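Residue numbers (the working numbering): 6 to 496. The C-beta atom is built at its ideal place from N, Cα and C for all residues, glycine as well. Quick caveat, the model's predicted, so the values are computed rather than measured. Here is the structure we will look at, set down as structure tokens.
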Ligand code: AMP
Ligand code: ZN
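Given below as structure tokens:
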């Protein structure tokens, strides 16, 4: 029996989908103004594990994960300077209604158009997701492809009196939705998030917590769409929250079984999604809410300015495989905060390599020895199922995997169980070769290759040869290919 900790009730609940043949799941996806960092990837690994667990347990699931390519604003640099850095939490609140669209910000910095920014980071995100071995969701909708659906929902909210128009925006009136504060477990008086007095707010806003559904009169914004209401064209762009309500409804109907996101969304984004959806489509919007806690790096919050918002290229540059990172994520329960250090990633790499090597040995011994099946394996199967059914408890599930590896059961049974469990872990345990290269050596080799490239471009072939020798001393041959120089271990 699958149990899911439901953020809405703050309790572990038995999972009973509306239709077991069509479990619906929506994951708040990436804002494509930059590369996915390892915090984002923790959230999407959780989504992938939920998907795999449900399929393992025999459910059919329709997974939708969006790309946010418009409307998600952050503070401008000037606003940031004005804001006090008082918050000690590992979650940095950077979402705002009065800042600058994240894609527009990247566009200004790089000279690309916001459309090009979106194209670039969606392409890179899909590559990263493949490297992380995420199963492909049924749909990956983009906010800009669903402007009409968002406008339709805004019109419905206006018609029902849940929204109002000022001189610059259409707002959601949070006072109209009685349950607005329930989800975040806050009272209106306590609610400080999103209401920062240091920066100016629209004087026409009725309540500080009201949030923007549509912005107009912003000629500086590149992405704009016509929006005609009662003969007036409110040309502009959508707020961030409305896209998820509109796209979730479009692809999954109502209510949705499971909705995921990072814990930062419990305070603002998800209450807003609920407020936009329930008055129009009925209650509840979502039946099971599931949130991942935040990832910190060296016990500090991650941030572009801190230089610790690592992405998969940084992971690879240190000689790690993205699947080492995947293993690392599985070592902590998604609902507890996790701290990333290079040391802990190294420990995950060692563990994953050990499993892969064991698999190889097992496979070799399988062909040589008989494969008696006297041992009982159902106790491991049961234990594994218990772990994944306990709100997707991956550390527990991994410990069952290790128990199997160290057990006395037959080789054939071991292999069978490990393959079976890997349907949930997604670590490619049966396909991957062990990584035998020490990250420090990998780094040294990359430096040698770079130095050699330089020497070659200066036609200093003697130095180039010396560098080749240097690599040989480390046990590696340098091989020049059309895609650059690679190294290969000398056996
Ligand atoms: P964004 O690209 O900002 O829209 O975020 C995409 C997803 O990543 C959201 O569900 C966030 O809550 C989640 N997220 C962002 N930062 C972190 C972090 N440091 N740890 C875990 N999840 C995060
Ligand atoms: Zn969302």
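**Asked** Can you find a heavy atom of the ligand ZN that lies under 7 Å from the Cβ of residue 266?
**Response** yes
**Prompt:** Is residue 198 helix, strand or coil when you go by DSSP?
**Reply:** Summary for residue 198: the model assigns pLDDT 44, below 50, so the residue's position carries little reliability; its value from the coordinates is reported in the next sentence. Residue 198: coil per DSSP, three-state reduction.
**Asked** In the DSSP assignment, what are the bridge partners of residue 483?
**Response** 492
**Prompt:** Should residue 274 be listed as close to the ligand ZN, given that the test is whether its C-beta is under 7 Å from any heavy atom?
**Reply:** yes
**Request:** Take residue 209 and list the residues in its own chain whose beta-carbon comes closer than 7 Å to its own, dropping the five residues that flank it on each side.
**Result:** 171, 172
**Message:** Just to confirm the assignment, what range does the alpha helix (DSSP H) spanning residue 318 have?
**Reply:** 317-322
**Prompt:** Is residue 13 helix, strand or coil by DSSP?
**Reply:** coil
**Prompt:** Taking the Cβ atom as the reference point for each residue, do residue 434 and residue 136 lie within a distance shorter than 8 Å?
**Reply:** no
**Message:** Considering just the uninterrupted stretch of the beta strand (DSSP E) at residue 219, what are its terminal residues?
**Reply:** 216-221
**Request:** Can you say whether residue 179 is buried or exposed, counting buried as having 16 or more other CB atoms within 10 angstroms of its CB?
**Result:** buried
**Asked** Who's in the neighbourhood of the ligand ZN, going by beta-carbon under 5 Å from any heavy atom, listed in chain order?
**Response** 33, 249
**Request:** Report the residue from 183, 30, 29 whose alpha carbon sits nearest the alpha carbon of residue 276.
**Result:** 183
**Prompt:** Quick one: what does DSSP say residue 30 is sitting in, helix, strand or coil?
**Reply:** strand
**Request:** Return yes when the C-beta of residue 428 is under 7 Å from any heavy atom of the ligand AMP, and no when it is not.
**Result:** no
**Message:** Quick check: the stretch 414-432 against the stretch 53-63, are at least 3 beta-carbon pairs closer than 8 Å?
**Reply:** yes
**Asked** What are the uninterrupted segments assigned as alpha helix (DSSP H) that are 4 or more residues long and contained completely in the stretch 95-183, given in chain order?
**Response** 107-115, 119-136, 152-164
**Message:** With three or more beta-carbon pairs closer than 8 Å as the criterion, would you say the stretch 140-155 touches the stretch 63-80?
**Reply:** yes
**Message:** So, for residue 347: in the same chain, excluding its five sequence neighbours on each side, which residues have a beta-carbon less than 6 Å away from its beta-carbon?
**Reply:** none
**Asked** Given that a residue counts as buried once 16 or more other Cβ atoms are within 10 Å of its Cβ, and exposed if not, what is residue 487?
**Response** exposed
**Message:** Can you tell me whether residue 466 is buried or exposed? The criterion is at least 16 other CB atoms within 10 Å of its CB, across all chains shown.
**Reply:** exposed
**residue 8 (DSSP reduced to helix, strand or coil)** = strand
**Asked** Quick one: what's got a C-beta closer than 6 Å to residue 252's C-beta in the same chain, skipping five residues either side?
**Response** 71, 146, 151
**Message:** Would you say the beta carbon of residue 47 is closer than 7 Å to some non-hydrogen atom of the ligand AMP?
**Reply:** yes
**Message:** Closer than 8 Å is the cut-off here; do at least three beta carbon pairs connect the stretch 42-57 with the stretch 109-129?
**Reply:** no
**Message:** According to DSSP, simplified to helix, strand and coil, what is residue 62?
**Reply:** coil
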